[in-house]
Amino acid sequence: MDVDPKVYYRAATNCFDSAAALRDSFLYVFGELSGCSNMAGVDESGKTWATAYNASAYDAVGMFQDVVATLENYGNALNDIGYNHARADAALTGTPQPERPTDPGSPIFGPFAVPAPAGGTGKGIIDESIGLLSEIGVPVPDGNTDKLAKAADAWNRLGTIYQNTNAKDKITIAAGLFDDQGADDAPQVRKDLGSLDASIGQLLASCKDIGQSCKDYKQSLDDLRDEIEGLLKSLAKELAIDAGISIVAAAVSFGAGAITAVKSLATLKKWAGKIKDAVHAWKAAKATKIVGLKQSAKDSLVRARKAVKDLLDRLRQKVGGVKTVPRTSLKQDLDNAGTWTGGNLPTKGGPSNGYLVKRDPNGNITNYSYYDSDGIATKRVDLTGDSHFNKVTGETVDTPHVVDIQKYVKPDTGEIFARTDRNNVRPALPEEIP
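Laid out in structure tokens, this is it:
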């Protein structure tokens, strides 16, 4: 039987490298999405699109977490299997027993809250004086095209940046390593890695699909606002008034003085009716853009995520007859973490890929934060203390709860900073409670 333990070790390294690349790129890009809440507007079309976006974004974000966890676990398992083969070879040849490769640490990755896409000013036309909105009589879409463009760019980069496409390539290579391996476990390993390869490919494709959905909805709003701008110019011309008309991120601005003449009021009603008709026609013409991803794209993402979760569930039990290496518990990590004696736990300047804790006078941990490789906090977990009102869901969340912390990078200077998002608070998961 032709078995090379080093093949398993190389494949494990590829899994670890792929997981690290996907994790780091996700953390870098996902921070930009934190500024994209309330981008869809509050009108019916905006809410429809936001619902579809939220479901797809939730699955994609969750799948990033699942893929990273699965790659890390599979890397551990491959090191175990390779080590067992190496031990068997040593026993047969009478050579010294080998050492098992060391698995890299696995920092906590997620969970992440997708910024709520629905929301806005409710004013698709900014009109402070002539009462145009009330004459139109229907909500004018108020989605924020600047935020939609930013979200489109972020999602597209998640699907196309080199770090992520290279992460997929590493798993393609890892699967190919087992084409010539004669061990009984090799076919299953090759099949598992092939499944992971396909799932990562689908994840990246789904990110591009979500980005395209954001781009399409932005373009739909641009088209409507261009049409409304033309109608408002015609209104101003017929009224013979000077009106400042401009398109801003979430509306068309129409600046004009109050009108009182009966003829002018009739003209206002006429053009308001035309705008109302334009909104209705836009909704009908752009129906496919408003619903978000096509059902086939949604189904592909769901199937790919299920395949990854099924593999992860199997890994957490047993892979190739070898149990994965136990990790240190959260309690052990927190017991060994530094204690913060200042005020609130800092959002930056923390230990790289580590924890800081706060303790009460008796030494019990009351709060802790986890910090990424840049020393930026990813979340704060409050184990004790007051409940928190979540403005997004309208619910009161008791402790233990998690307060998300968003990471930002200034594009002009590269400076990294963080902000506590007190509007996104959720109950702590069992694995987040020591």
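When you read off a place in the sequence shown, starting at 1, and then add 3, the result is the number in our numbering. Cβ atoms here follow ideal geometry from the backbone N, Cα and C, with glycine treated the same way. As the structure is a computational prediction, the values presented were derived from the model and not from experiment.
With distances taken between CB atoms, is the gap from residue i to residue j smaller than 8 Å?
{"i": "residue 403", "j": "residue 424", "result": "no"}
{"i": "residue 374", "j": "residue 357", "result": "yes"}
{"i": "residue 66", "j": "residue 300", "result": "no"}
{"i": "residue 49", "j": "residue 118", "result": "no"}
{"i": "residue 195", "j": "residue 11", "result": "no"}
{"i": "residue 174", "j": "residue 37", "result": "no"}
{"i": "residue 140", "j": "residue 45", "result": "no"}
{"i": "residue 70", "j": "residue 203", "result": "yes"}
{"i": "residue 18", "j": "residue 95", "result": "no"}
{"i": "residue 166", "j": "residue 28", "result": "yes"}
{"i": "residue 428", "j": "residue 391", "result": "yes"}
{"i": "residue 278", "j": "residue 248", "result": "no"}
{"i": "residue 436", "j": "residue 410", "result": "no"}
Quick one: grab the DSSP three-state call for residue i.
{"i": "residue 370", "result": "strand"}
{"i": "residue 8", "result": "helix"}
{"i": "residue 291", "result": "helix"}
{"i": "residue 436", "result": "coil"}
{"i": "residue 139", "result": "helix"}
{"i": "residue 19", "result": "helix"}
{"i": "residue 102", "result": "coil"}
{"i": "residue 392", "result": "strand"}
{"i": "residue 186", "result": "coil"}
{"i": "residue 129", "result": "strand"}
{"i": "residue 418", "result": "coil"}
{"i": "residue 175", "result": "helix"}
{"i": "residue 275", "result": "helix"}
{"i": "residue 327", "result": "Only weak support exists for where residue 327 lies, its pLDDT of 40 falling under 50; the coordinates are left without a value."}
{"i": "residue 124", "result": "coil"}
{"i": "residue 264", "result": "Note on residue 264: pLDDT 48, under 50, position unreliable in the model; the coordinate value appears next. Of the three classes helix, strand and coil, the one that applies to residue 264 here is coil, per DSSP."}
{"i": "residue 380", "result": "strand"}
{"i": "residue 286", "result": "helix"}
{"i": "residue 180", "result": "coil"}
{"i": "residue 115", "result": "coil"}
{"i": "residue 145", "result": "coil"}
{"i": "residue 350", "result": "coil"}
{"i": "residue 169", "result": "helix"}
{"i": "residue 34", "result": "helix"}
{"i": "residue 109", "result": "coil"}
Name the DSSP bridge partner or partners of residue i?
{"i": "residue 404", "result": "385 and 430"}
{"i": "residue 423", "result": "408"}
{"i": "residue 358", "result": "373"}
{"i": "residue 251", "result": "254"}
{"i": "residue 342", "result": "360"}
{"i": "residue 399", "result": "392"}
{"i": "residue 44", "result": "121 and 122"}
Would you mind reading off the limits of the alpha helix (DSSP H) that contains residue i?
{"i": "residue 218", "result": "189-242"}
{"i": "residue 68", "result": "47-96"}
{"i": "residue 335", "result": "333-338"}
{"i": "residue 303", "result": "298-320"}
{"i": "residue 156", "result": "148-163"}
When you compare the CB of residue i with every CB in chain C, is at least one pair closer than 8 Å?
{"i": "residue 231", "result": "Within the model displayed, chain C is absent; a lone protein chain is all it includes."}
Confirm the yes/no value for this check: CB of residue i, any heavy atom of the ligand ADP, distance under 7 Å.
{"i": "residue 230", "result": "Here there are no bound small molecules, and the ligand ADP is not part of this structure."}
Handout entry: the segment 168-187 / the segment 228-248 touching (three or more Cβ pairs under 8 Å)
Key = no
Handout entry: Touching by the beta-carbon criterion (3+ pairs, under 8 Å), the segment 290-300 and the segment 49-63
Key = yes
Practice task
Take every Cβ of the segment 145-155, pair it with every Cβ of the segment 221-233, and state whether three or more of those distances are shorter than 8 Å.
Solution key: yes
Problem - Any 3 or more C-beta pairs closer than 8 Å across the segment 340-349 and the segment 95-106 - result: no
Handout entry: contact_flag[the segment 17-34, the segment 86-94] where n(CB pairs < 8 Å) is 3 or more
Key = no
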